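Asks:
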Amino acid sequence: SQTIHQWPATLVQPVGSPLSLECTVEGTSNPNLYWYRQAAGRGLQLLFYSVGIGQISSEVPQNLSASRPQDRQFILSSKKLLLSDSGFYLCAWGQGDPNEQFFGPGTRLTVL
Amino acid sequence: GENVEQHPSTLSVQEGDSAVIKCTYSDSASNYFPWYKQELGKRPQLIIDIRSNVGEKKDQRIAVTLNKTAKHFSLHITETQPEDSAVYFCAASPRGGGSTLGRLYFGRGTQLTVWP
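Here the protein sequences come in this chain order: P and Y. Residue numbers for the first sequence follow the numbering used here, beginning at 1 and rising by one. Residue numbers for the second sequence follow the numbering used here, beginning at 1001 and rising by one.
1. Give a yes or no on whether the C-beta atoms belonging to P:F103 and P:A92 are separated by under 7 Å.
2. Please tell me whether P:F48 has its Cβ less than 7 Å away from any Cβ of chain Y.
3. For Y:S1074, count neighbouring C-beta atoms within 10 Å of its own C-beta (all shown protein chains included) and say buried if the count is 16 or more, exposed if not.
4. Measure from the alpha carbon of P:Q2 to the alpha carbon of each residue in P:N30, P:V12, P:E22 and P:P8, then state which is nearest.
5. Short of 6 Å in beta carbon distance, which residues of its chain neighbour P:L44, apart from the five on each side in sequence? Order them along the chain.
6. Tell me where the beta strand (DSSP E) around P:G94 begins and ends.
7. Is the shortest distance between the beta-carbon of P:Q101 and the beta-carbons of chain Y less than 7 Å?
8. Any chance the region 1021-1028 of chain Y sits against the region 1046-1055 of chain Y, with 3 or more Cβ pairs inside 8 Å?
9. I'd like the ranges of any alpha helix (DSSP H) spanning at least 4 consecutive residues and lying wholly in the region 58-84 of chain P.
10. Tell me which residue opens and which closes the beta strand (DSSP E) that P:K10 is part of.
11. Identify the contact partners of Y:P1034 in chain P, using a Cβ-Cβ distance below 9 Å as the criterion.
12. At 9 Å on the CB atoms, spell out the chain P contacts of Y:G1089, in chain order.
13. Just to confirm my understanding: we take P:T10, look at its own chain, exclude 5 residues before and 5 after, and list those with CB closer than 6 Å. What are they?
14. How many angstroms separate the CA atom of Y:S1099 from the CA atom of P:L64?
15. Any beta carbon from chain Y within less than 7 Å of P:N32's own beta carbon?
16. Tell me whether Y:D1017 sits in a helix, a strand or coil according to DSSP, three-state version.
17. Would you list the residues sitting across from P:R42 in a DSSP beta bridge?
Now the structure itself:
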């Protein structure tokens, strides 16, 4: 069966520091991968999605970037965090059309 | 692109009553409509979905209906229980190829509270 992992689970970072969040999927190949952000009490904002290695689509301009160095690995990065980057970051995977998406456990990021 | 509207934003019901959450979508090419439940501090979990060739689908106390002509779909929860309390998200997925394949467009969520 498929499993999706995210780490770290929680993170507290100062403004201006770099960020690296990792997501990996097991039990499937060539998945579509997604990064979402959820601010406190708000909806799901799609940040990036990828349909293959090295293929990244960005949904909103911001100081975040994403990379997919391996088939089942998706990384979210920032060179300098802003206060507004705080939130719950969710990675999701899906495969095929129609697309069921399954979410990872999430990373709760607090920028101070 | 696709635009999904979800109503109401909050819903309070008494235990045992029914709850209905409604969503509309704009892209007639959308062909897949999942619903997610997110408990406080947890990840969203897929609870039921429906495809465009089906009008209704049921799974125990939950059901989803789809009206493609009107471009709306609804989640129905019967005999609600306190553990149904959560945020519910609807989504729509347009049929398409290339880099947009498989993307979900989410509604803004409904906070359901079931009072014992």
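Think of the CB as a built atom: it goes at the ideal place given N, C-alpha and C, for glycine as much as any other residue. It should be emphasised that the depicted structure is a prediction, and the values quoted were computed from it without experimental measurement.
Replies: A quick look at the data gives this:
1. yes
2. no
3. buried
4. P:N30
5. Y36 and Q38
6. G87 to G94
7. yes
8. no
9. none
10. First, the residue type needs correcting, since residue 10 of chain P is Thr and not Lys in the sequence shown. Run containing P:T10: T10 to Q13, per the beta strand (DSSP E) assignment.
11. P98, N99, E100 and Q101
12. It is Phe, not Gly, that sits at residue 1089 of chain Y in the sequence shown. The contacting residues are G43 and L44.
13. R108
14. Residue placement at Y:S1099 cannot be trusted, given a pLDDT of 48 that sits under 50; what the coordinates show is reported in the next sentence. Spanning the two alpha carbons is a distance of roughly 20 Å.
15. yes
16. coil
17. DSSP output for P:R42 lists no bridge partner at all.
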